[in-house]
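Number of protein chains: 2
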Amino acid sequence: MKNTGLKFPAVLLAFLFHITVNAQTMSTKEDQNRAAIFPKGDKAPAEYFSGTAWVKTLVANDDTLTTIISNVVFEPGARNNWHTHPAGQILICTEGTGYYQEKGKPIQILHASDVVRILPGVEHWHGASPTSRFTHIAINVNTEKGVVNWLHPVTDEEYNKK
Amino acid sequence: MKNTGLKFPAVLLAFLFHITVNAQTMSTKEDQNRAAIFPKGDKAPAEYFSGTAWVKTLVANDDTLTTIISNVVFEPGARNNWHTHPAGQILICTEGTGYYQEKGKPIQILHASDVVRILPGVEHWHGASPTSRFTHIAINVNTEKGVVNWLHPVTDEEYNKK
Numbered sequence: 001m002k003n004t005g006l007k008f009p010a011v012l013l014a015f016l017f018h019i020t021v022n023a024q025t026m027s028t029k030e031d032q033n034r035a036a037i038f039p040k041g042d043k044a045p046a047e048y049f050s051g052t053a054w055v056k057t058l059v060a061n062d063d064t065l066t067t068i069i070s071n072v073v074f075e076p077g078a079r080n081n082w083h084t085h086p087a088g089q090i091l092i093c094t095e096g097t098g099y100y101q102e103k104g105k106p107i108q109i110l111h112a113s114d115v116v117r118i119l120p121g122v123e124h125w126h127g128a129s130p131t132s133r134f135t136h137i138a139i140n141v142n143t144e145k146g147v148v149n150w151l152h153p154v155t156d157e158e159y160n161k162k
Numbered sequence: 001m002k003n004t005g006l007k008f009p010a011v012l013l014a015f016l017f018h019i020t021v022n023a024q025t026m027s028t029k030e031d032q033n034r035a036a037i038f039p040k041g042d043k044a045p046a047e048y049f050s051g052t053a054w055v056k057t058l059v060a061n062d063d064t065l066t067t068i069i070s071n072v073v074f075e076p077g078a079r080n081n082w083h084t085h086p087a088g089q090i091l092i093c094t095e096g097t098g099y100y101q102e103k104g105k106p107i108q109i110l111h112a113s114d115v116v117r118i119l120p121g122v123e124h125w126h127g128a129s130p131t132s133r134f135t136h137i138a139i140n141v142n143t144e145k146g147v148v149n150w151l152h153p154v155t156d157e158e159y160n161k162k
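Quick note, the sequences are listed as chains A and B, same order.
Sequential numbering from 1 applies to the first sequence in my numbering.
Sequential numbering from 1 applies to the second sequence in my numbering.
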């Protein structure tokens with residue numbers, strides 16, 4: 001029984017270490033899943049996206065609501081091509097750190113809760129920052145006027161001009 | 001030193017209890033804040049809502065995008081009046097358990113990731129379940145055709161007919 005005093009702190013430390021490690025794992029997982037309200041959906045087409053992005057259609061187009069809503073997840077470094085929307089688009093940012101740029105203007109940094117109003121015909125692109133995943137809900141309004149006109153990819157030089 | 005063997009388990013138990021309690025507190029807090037992407041906003045008008053709800057305008061109306069977007073948080077038991085939207089509305093559920101009912105149909109239960117397409121002129125109401133907070137993003141499209149026509153409150157009898 002002489003060593004009992006040493007044995008218990010060792011057990012205690014092992015328990016605490018185990019619990020701390022588990023808590024950290026859980027916390028990281030929680031952070032990653034915090035805004036994962038929707039399933040990832042399908043891989044975004046390489047024709048219009050650089051890097052890996054995922055698109056989940058939430059509302060498909062129709063003649064009554066004339067609105068398309070998609071949840072888009074960009075892996076770090078991923079972005080879409082330069083493009084325009086004939087009737088405009090609204091982005092609601094829900095997770096991570098993103099980039100948004102309109103032609104001739106500096107890149108804007110986006111975070112959860114940021115909302116971007118993209119006016120009709122404005123050339124722009126959006127995507128994740130180089131080190132963080134980024135998720136937004138994209139709302140195409142008044143689709144009877146058109147949805148999107150895709151242009152050329154955002155070059156690494158344009159993307160890294162930060 | 002004779003009692004050391006008893007003292008350490010007591011310390012260990014106390015630690016474990018402390019850690020367990022803290023972990024539970026954190027977990028509950030995480031759950032509550034999981035989808036709190038937006039600040040709560042302003043209290044919804046008692047004229048059109050029963051119970052406590054909060055409205056944060058994300059996109060105000062304008063002639064270009066003709067769209068209004070709001071984040072609405074309903075405390076447990078809160079709901080809006082029966083109403084119609086001349087041009088329709090889309091609900092994107094982000095947190096908690098909610099209710100949605102169209103006139104003459106049973107109440108539908110809503111959870112995070114559910115999307116509701118409300119067609120123009122359809123009489124309906126939405127809100128939280130009796131025991132859970134509920135949050136959705138509400139998107140009013142084609143606002144040039146009108147936004148909302150408020151009707152009478154949802155009675156307790158209607159609300160509890162589940």
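Even for Gly, the Cβ is constructed at its ideal location relative to N, Cα and C.
Comparing the C-beta of residue i with each C-beta of chain A, is any distance below 9 Å?
| i | result |
| --- | --- |
| Phe-38 of chain B | yes |
| Ala-72 of chain B | Residue identity check: residue 72 of chain B is Val in the sequence provided, not Ala. No - not a single Cβ of chain A is within 9 Å of the one on Val-72 of chain B. |
| Leu-151 of chain B | no |
| Val-21 of chain B | Because Val-21 of chain B carries a pLDDT of 41, less than 50, the predicted location of this residue cannot be relied on, and the following value inherits that uncertainty. Val-21 of chain B does not count as touching chain A. |
| Val-148 of chain B | no |
| Ser-113 of chain B | yes |
| Thr-84 of chain B | no |
| Val-59 of chain B | yes |
| Ala-87 of chain B | yes |
| Thr-94 of chain B | yes |
| Pro-120 of chain B | yes |
In terms of alpha-carbon separation, which member of the options lies closest to residue i?
| i | options | result |
| --- | --- | --- |
| Glu-158 of chain B | B:Asn-142, B:Ser-129, B:Ile-139, B:Glu-144 | B:Ser-129 |
| Tyr-100 of chain B | B:Asn-160, B:Ala-36, B:Ala-60 | B:Asn-160 |
| Val-55 of chain B | B:Leu-65, B:Phe-74, B:Asp-63, B:Ile-37 | B:Phe-74 |
| Thr-143 of chain B | B:Gln-89, B:Asp-156, B:His-111, B:Ala-44 | B:Gln-89 |
| Thr-57 of chain B | A:Leu-119, A:Ser-50, A:Pro-106, A:Val-115 | A:Val-115 |
| His-124 of chain B | B:Ile-107, B:Ala-112, B:Pro-76, B:Thr-135 | B:Ile-107 |
| Pro-39 of chain A | B:Pro-120, B:Ala-112, B:Arg-133, B:Arg-117 | B:Ala-112 |
| Ala-36 of chain A | A:Asp-156, A:Thr-135, A:Thr-155 | A:Thr-135 |
| Ala-156 of chain A | A:Ser-50, A:Asp-42, A:His-83, A:Arg-133 | The sequence shown places Asp at residue 156 of chain A, rather than the Ala named in the question. For Asp-156 of chain A, the nearest C-alpha among the options comes from A:Ser-50. |
Grouping DSSP H, G and I as helix and E and B as strand, with all else coil, what is residue i?
| i | result |
| --- | --- |
| Thr-84 of chain B | strand |
| Asn-160 of chain B | coil |
| Thr-143 of chain B | helix |
| Thr-155 of chain A | coil |
| Ile-107 of chain B | coil |
Any beta carbon from chain B within less than 9 Å of residue i's own beta carbon?
| i | result |
| --- | --- |
| Leu-65 of chain A | yes |
| Val-141 of chain A | yes |
| Thr-97 of chain A | no |
| Ile-90 of chain A | yes |
| Arg-133 of chain A | no |
| Ile-137 of chain A | yes |
| Arg-117 of chain A | yes |
| Ile-69 of chain A | yes |
9 Å is my cut-off, CB to CB: does residue i come that close to chain C?
| i | result |
| --- | --- |
| Leu-110 of chain B | This model lacks chain C altogether; the protein chains it does include are A and B. |
task: Kindly confirm or deny that the stretch 148-160 of chain A and the stretch 90-97 of chain B touch, where touching means at least three C-beta pairs closer than 8 Å.
output: no
query: Do the stretch 125-143 of chain A and the stretch 65-74 of chain A touch if we need at least three Cβ pairs shorter than 8 Å?
result: yes
- prompt: Could you give the uninterrupted runs of the beta strand (DSSP E) lying entirely in the stretch 34-85 of chain A, keeping only those of 3 residues or more?
  reply: 53-59, 68-74
task: Go through the stretch 111-139 of chain B residue by residue and report every complete run of the alpha helix (DSSP H) that reaches 4 residues or more, in order.
output: none
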